[in-house]
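All residue numbers for the sequence shown refer to my numbering, where the first residue is -11 and numbers rise by one.
Worksheet: one structure, shown below.
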Amino acid sequence: MSLPERAYCYACLKPQVTCVCARVPRIDNQTAVWLLQHPRERRHAIGTARLLALGLTKLRLDVIFLNGPSGALPRPSPNAALLYPSPDARALESLEPDERPDQLIVLDGTWHHAHTLARDLGWLDDLPRVKLRDTTPSRYRIRREPRAECLSTVEAVVAALGVLEPETAGLDRLLGAFDSMIEDQVEYVVRRAGPRRAKLRRASGARGVARAVSERWEDLTLVYAETAPGPPGARALVQLAAVRPKSGERFDRIVRGPTPGGLFHMKLSEADLAGGDDLAGLRAAWDGFRRPRDLILAWNQSTLDALGAAGLEGHGLSLKSLWSNAVERAPGALESVLARAGLRPSPVPVRGRAAERLGNAVAVALALRERAGLAP
């Protein structure tokens, strides 16, 4: 017996039956919010940072890789503050108008993860710390908090903005979307509960085609990153290439720097590196290429990790995982997938090995789309 395929919303990253997008208001907040997210939180099924990303107009979200390259993040505002309840933190409610921050930095993750980020990101020590004076117990009934006064990320940010800019419309509605998400999740879990449910698995012939590819073709952006050994335990970005299969639009930038090992295998030259951008220039170019509705896909998670470590938008989906769910478990290398499936690479005119890797990825995405019964 097999389970029916669940349709997902790739905006809020929840099943369609519990999608909250239509309930999230767009809020013109005046205090900028910068979420520093622990890597283990980015795909958490019941995380709340996605609600803030959908709702707040002035919000930046970065996945923080503590062993990533230095200098990947922008400087905080001169008048920024870290929302973190350390003993030396001042209550937001006690600040005079001229003391209030214009940028609120918030750590997103479990309390253990937030503590790790606060401890290991040395530049946070230079920021004043603020906290909420009065908090009620969290309404986050589907995720355990260590203490009754601890709040989820969305609750903490909404409460802080309520203190800093009480006139801003929509904050209560954002909290209402959070409440409804909790209610939906509880109801969905109860509805699916059953004595044998946990033992059921999808049969291999019933794996559905990934809807991210079949339904969001116009928004699809395939990316590939070349990296080389950087600081101890980290990888440095060498090249970032991307293509939109629908329109053929391409992105191809190389980071200028010392000649890395493996340049020959990347099919790049020293001249390519000499003519590259610095990391700030690459980020600016990437921001110009990105569109609000882009759905980022990479064959391997390592490319998404490289984007996040370089201070770029690291949220996306693994094409390898989508292929695994839809076609074959443990597909292995991308080239092997093409060989077994009889797929032909699509030409992508970018530099180096990235042309081959992106061309192979486009072929896989097209195959998934065709499996859904849609024209390539």
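Where is the CB? At the ideal position from N, CA and C, for every residue including glycine.
Residues near residue i in its chain [Cβ-Cβ closer than 6 Å; skip 5 each side]
{"i": "LEU331", "result": "ALA351 and ALA355"}
{"i": "GLY223", "result": "The sequence shown places Arg at residue 223, rather than the Gly named in the question. Excluding positions up to five away in sequence, the list reads THR215."}
{"i": "GLY150", "result": "LEU159"}
{"i": "LEU322", "result": "TRP287 and ASN348"}
{"i": "ASP16", "result": "THR45"}
{"i": "ARG88", "result": "LEU152"}
{"i": "GLY263", "result": "none"}
Per-residue burial, residue i [other beta carbons within 10 Å of its own, 16 or more giving buried]
{"i": "ASP86", "result": "exposed"}
{"i": "TRP22", "result": "buried"}
{"i": "ALA69", "result": "buried"}
{"i": "LYS308", "result": "buried"}
{"i": "ARG63", "result": "exposed"}
{"i": "ASP240", "result": "buried"}
{"i": "LYS119", "result": "buried"}
{"i": "PRO66", "result": "exposed"}
{"i": "GLY43", "result": "buried"}
{"i": "TRP99", "result": "exposed"}
{"i": "THR45", "result": "exposed"}
{"i": "ALA294", "result": "buried"}
{"i": "GLU206", "result": "exposed"}
{"i": "ALA268", "result": "exposed"}
{"i": "GLU81", "result": "exposed"}
{"i": "ALA297", "result": "buried"}
{"i": "GLU84", "result": "exposed"}
Nearest-angstrom Cα separation, counted from residue j out to residue i
{"i": "ASP265", "j": "LEU40", "result": "32 Å"}
{"i": "ARG317", "j": "ARG345", "result": "21 Å"}
{"i": "ASN313", "j": "THR215", "result": "27 Å"}
{"i": "MET254", "j": "ALA360", "result": "34 Å"}
{"i": "GLY218", "j": "ILE242", "result": "15 Å"}
{"i": "ASP406", "j": "PHE166", "result": "Not covered by the structure: residue 406. The range shown for the chain is -11 to 364."}
{"i": "ASP96", "j": "LEU162", "result": "17 Å"}
{"i": "GLY340", "j": "GLU258", "result": "12 Å"}
{"i": "GLY304", "j": "ASP282", "result": "9 Å"}
{"i": "GLY299", "j": "VAL231", "result": "20 Å"}
{"i": "LEU152", "j": "THR19", "result": "8 Å"}
{"i": "ARG244", "j": "ARG328", "result": "37 Å"}
{"i": "SER140", "j": "LEU256", "result": "45 Å"}
{"i": "GLU143", "j": "ARG38", "result": "13 Å"}
{"i": "LEU24", "j": "LEU228", "result": "23 Å"}
{"i": "LEU310", "j": "ALA342", "result": "21 Å"}
{"i": "ARG184", "j": "VAL315", "result": "Its pLDDT being 40, under 50, ARG184 is placed unreliably by the model, and the measurement read from it follows with that caveat. Taking the straight line joining both Cα atoms gives about 25 Å."}
{"i": "ILE93", "j": "PHE277", "result": "26 Å"}
{"i": "ARG357", "j": "GLY35", "result": "29 Å"}
{"i": "ARG117", "j": "ALA147", "result": "16 Å"}
{"i": "CYS0", "j": "ARG204", "result": "14 Å"}
{"i": "ALA106", "j": "PRO319", "result": "38 Å"}
{"i": "PRO13", "j": "ASP114", "result": "34 Å"}
{"i": "ALA213", "j": "SER324", "result": "20 Å"}
{"i": "THR104", "j": "ARG121", "result": "23 Å"}
{"i": "PHE53", "j": "ARG28", "result": "10 Å"}
{"i": "LEU261", "j": "PRO280", "result": "30 Å"}
Extent of the continuous alpha helix (DSSP H) to which residue i belongs
{"i": "VAL325", "result": "322 to 329"}
{"i": "TRP22", "result": "Not the alpha helix (DSSP H): TRP22 falls in the beta strand (DSSP E), residues 20 to 25."}
{"i": "LEU310", "result": "307 to 314"}
{"i": "VAL51", "result": "Segment 47 to 51 is the beta strand (DSSP E) holding VAL51; no alpha helix (DSSP H) there."}
{"i": "GLN227", "result": "Premise fails: GLN227 lies in the beta strand (DSSP E), 223 to 231, not in any alpha helix (DSSP H)."}
{"i": "VAL146", "result": "141 to 152"}
{"i": "GLN289", "result": "289 to 297"}
{"i": "ALA366", "result": "Nothing about residue 366 can be reported from this structure: the residues present for the chain run from -11 to 364 only."}
{"i": "ASP275", "result": "267 to 277"}
{"i": "ARG251", "result": "In the sequence on display, residue 251 carries Leu and not Arg. Its alpha helix (DSSP H) spans residues 251 to 254."}
Opening and closing residue of the beta strand (DSSP E) in which residue i lies
{"i": "ALA37", "result": "Run containing ALA37: none in the beta strand (DSSP E); it sits in the alpha helix (DSSP H), 37 to 43."}
{"i": "THR215", "result": "208 to 217"}
{"i": "ALA262", "result": "Where ALA262 is concerned, there is no enclosing beta strand (DSSP E), although the alpha helix (DSSP H) it sits in stretches over 258 to 262."}
{"i": "ARG359", "result": "Not the beta strand (DSSP E): ARG359 falls in the alpha helix (DSSP H), residues 342 to 359."}
{"i": "ASP108", "result": "Per DSSP, ASP108 belongs to no beta strand (DSSP E); it is in the alpha helix (DSSP H), 99 to 108."}
{"i": "LEU285", "result": "283 to 286"}
{"i": "ARG117", "result": "117 to 119"}
{"i": "GLN91", "result": "91 to 96"}
{"i": "ARG244", "result": "Segment: none, ARG244 is in no beta strand (DSSP E) and carries neither H nor E."}
Own chain partners of residue i with C-beta closer than 8 Å, once the 5 adjacent residues on each side are dropped
{"i": "ALA102", "result": "HIS26, TYR72, LEU95 and ASP96"}
{"i": "ALA353", "result": "VAL201, LEU208, LEU210, PRO233, LEU285 and LEU307"}
{"i": "SER168", "result": "VAL8 and ARG11"}
{"i": "GLY164", "result": "ARG11"}
Neighbourhood of residue i by C-beta, 7 Å cutoff - its chain only, sequence neighbours within 5 removed
{"i": "GLY236", "result": "none"}
{"i": "GLU171", "result": "none"}
{"i": "LEU61", "result": "ASP50 and GLY299"}
Could you check whether the region 285 to 294 touches the region 244 to 253, counting it as contact only if at least three pairs of C-beta atoms, one from each stretch, sit closer than 8 Å? Cβ pair count under 8 Å is below three, so no.
Inter-stretch contact (C-beta, 8 Å, three-pair minimum) for the region 140 to 157 and the region 107 to 114: With a cut-off of 8 Å, the region 107 to 114 and the region 140 to 157 do not count as touching, because too few Cβ pairs lie within range.
Would you be able to state if there are at least three C-beta pairs under 8 Å between the region 331 to 344 and the region 264 to 278? With contact defined as three or more Cβ pairs closer than 8 Å, the region 264 to 278 and the region 331 to 344 are not in contact.
Hey, is the region 41 to 56 in contact with the region 71 to 81, meaning 3+ C-beta pairs nearer than 8 Å? The region 71 to 81 and the region 41 to 56 do not touch, with fewer than three beta-carbon pairs separated by less than 8 Å.
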